[in-house]
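Asker:
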Amino acid sequence: MVGSLWGQPGDSKSAQKFSASSIQIEPMDSNDVPMPPEFRVAIYENLIAQIEKTGKFQHVYRSGDKDAASAPDLVTLRTTAQSFTKGSQKKREVTTVAGATSITLKVHITDHAGQTLVDRDVQGKVRFLGENLRATYDFSKKVATIIRNTF
Amino acid sequence: MSIQNPKVDVSVATNSFPGVGARIWTRGLFLLAVGAPLLFFPAPARGQAAGAPQAAPSVVQTDIKLVIGGETIKKNSEGTLSVVGSSLQFATGKAKVEVKASSILDIFTNEDSRQDITGAAKLATMAIPYGGGRVLSLFSHGVEVLTLEFTDANGGYHGMVFVLPKGQGAPIKKQLVAMGAKASVPLAEPAPTNK
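Here the protein sequences come in this chain order: A and B.
So the first sequence is numbered by this note's numbering: it starts at 765 and just counts up by one.
So the second sequence is numbered by this note's numbering: it starts at 6 and just counts up by one.
1) Under DSSP, the alpha helix (DSSP H) around A:I812 begins and ends at which residues?
2) Using CA coordinates, which residue listed in A:T868, A:T900 and A:K905 is at the minimum distance from A:Q887?
3) I think B:Q180 touches B:S92, with their Cβ atoms under 8 angstroms apart; what is that distance to the nearest whole Å?
4) From A:Q822, A:D885, A:D793 and A:I807, pick the residue whose C-alpha is nearest to that of A:L838; which is it?
5) Would B:G114 and B:A183 qualify as a contact pair, given that the criterion is a beta-carbon distance under 8 angstroms?
6) Quick one: what does DSSP say A:D793 is sitting in, helix, strand or coil?
7) Beta carbon of A:I807, beta carbon of A:T914: below 8 angstroms?
8) Quick one: what's got a C-beta closer than 7 angstroms to B:K187's C-beta in the same chain, skipping five residues either side?
9) Could you tell me if the beta carbon of B:V182 falls within a distance shorter than 7 angstroms of some heavy atom in the ligand NAD?
10) Output yes or no for whether 8 angstroms exceeds the beta carbon distance between A:S785 and A:A864.
11) Could one say the Cβ of B:I177 lies closer than 8 angstroms to chain A's Cβ atoms, at least one of them?
12) Is it the case that the Cβ atoms of A:N897 and B:V89 are separated by a distance below 8 angstroms?
13) Could you name the residues of the same chain whose beta carbon sits closer than 7 angstroms to that of A:A908, not counting the 5 residues immediately before and after it, in chain order?
14) Between A:P791 and chain B, is there a C-beta pair that is closer than 8 angstroms?
Here is the structure:
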């Protein structure tokens, strides 16, 4: 059933869509990539907000939520840090070319049986205007698009 | 008139009942024995007051920005952050969130530039002609970022990020840790101000 997507994890637009009533989002695995805690938290909270906004799931469970155990067709989203470059809004505003903030995370979605539905790298960045934490919002918006295309 | 000047014989009132004097002495000693610990050890009484619902906040910070994680409170809302009883509270004019110290998994404080976190300059400064906005961008204020990770009543993981004036995060972290919050990074001793 999920074979078509496994072969092309990055090409979710043309792939078969899956259905699940609930999703659980795990906190980011830092993978020894140094990242300030506020970025970790902002990634998580933005993911929760953006995935809720897609309306694709009846329940969006946080990690550790006891109610998730009883969800019959729960899918799980995990993120693993790949790279992080903390830029500077000051540099961006002064130079307009330097100071970009960039985060790249591996996004891994599995079904209740542990089979992979999505496995791809997603980058969030803020290049010209806006605060550094906006890179986490950019990342979450891109993950929400993947969710819309996959479910 | 029926009321006349009453005459009170003080000597009779005080000296003619030796049994009453002994009882007063006994009561005085009893009150002293009961009251002395309260006078010399006020902490237990304060602790009881802190546990009560109407406890006075021990740490209060106004004009604090909640960057993210406020559930019912919008991102980047400004409000008052306080430690009340055994909880951390953030209140705006419309809503309030409360996190029990015992539910906090980790607390971080670190200093950053205000612009890096909150984008205070925004587009307004970019509109200043002749590159004035860029010059203004150089004068960012030092701030402290307070990050919390905690669980809700159902066990669900949450995070919150606050921006405080520089040096204001440590007292809150210290107080929360004293009340049972966990912190993977111990509170750093204040750095010397003169280098």
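Ideal placement from N, C-alpha and C gives every residue a C-beta, glycine not left out.
Bear in mind the structure is a predicted one, so any value in this text is a computation, not a measurement.
Answerer: Checking against the coordinates, here is how it stands:
1) For the purposes of this step, residue 812 of chain A is taken as residue 48 along the first sequence, with counting starting at 1. That run of the alpha helix (DSSP H) goes P801 to T818.
2) Locating residue 887 of chain A in the first sequence gives position 123, counting from the first residue. Closest by C-alpha distance to A:Q887, out of A:T868, A:T900 and A:K905, is A:T868.
3) Position 175 of the second sequence, counting from 1, holds the residue named residue 180 of chain B. Position 87 of the second sequence, counting from 1, holds the residue named residue 92 of chain B. In fact, because the Cβ distance is near 11 angstroms, the residues do not count as touching under 8 angstroms.
4) Indexing the first sequence from 1 puts residue 838 of chain A at position 74. Measuring C-alpha to C-alpha distances from A:L838 to each of A:Q822, A:D885, A:D793 and A:I807 identifies A:Q822 as the nearest.
5) Position 109 of the second sequence, counted from the first residue, corresponds to residue 114 of chain B. Position 178 of the second sequence, counted from the first residue, corresponds to residue 183 of chain B. Rather than Gly, the amino acid found at residue 114 of chain B in this sequence is Thr. Taking C-beta atoms as the reference points, B:T114 and B:A183 fail to come closer than 8 angstroms.
6) Along the first sequence, read from residue 1 onward, the residue named residue 793 of chain A stands at position 29. Note: A:D793 maps to strand in three-state DSSP.
7) Here residue 807 of chain A refers to the residue found at position 43 of the first sequence. Here residue 914 of chain A refers to the residue found at position 150 of the first sequence. Taking 8 angstroms as the Cβ cut-off, A:I807 and A:T914 do not qualify as a contacting pair.
8) Counting from one through the second sequence, the residue named residue 187 of chain B turns up at place 182. For B:K187, where only same-chain residues beyond five positions count, the Cβ hits under 7 angstroms are I109, L110 and D111.
9) This structure lacks the ligand NAD, and indeed carries no ligand of any kind.
10) In the first sequence, residue 785 of chain A corresponds to position 21, counting from 1. In the first sequence, residue 864 of chain A corresponds to position 100, counting from 1. Result no, Cβ atoms of A:S785 and A:A864 do not sit closer than 8 angstroms.
11) What you label residue 177 of chain B is simply residue 172 of the second sequence in a count that begins at 1. Closer than 8 angstroms: no.
12) Stepping through the first sequence from its first residue, residue 897 of chain A is reached at position 133. Stepping through the second sequence from its first residue, residue 89 of chain B is reached at position 84. The amino acid occupying residue 897 of chain A in the given sequence is Leu; Asn does not appear at that position. Cβ distance not < 8 angstroms, so A:L897 and B:V89 don't count as in contact.
13) By one-based count along the first sequence, residue 908 of chain A stands at place 144. So the list reads Q814, I815, K817 and T818, once near-sequence residues are dropped.
14) In the first sequence, counting from the first residue as 1, residue 791 of chain A sits at position 27. With its beta carbon less than 8 angstroms from one in chain B, A:P791 belongs to the interface.
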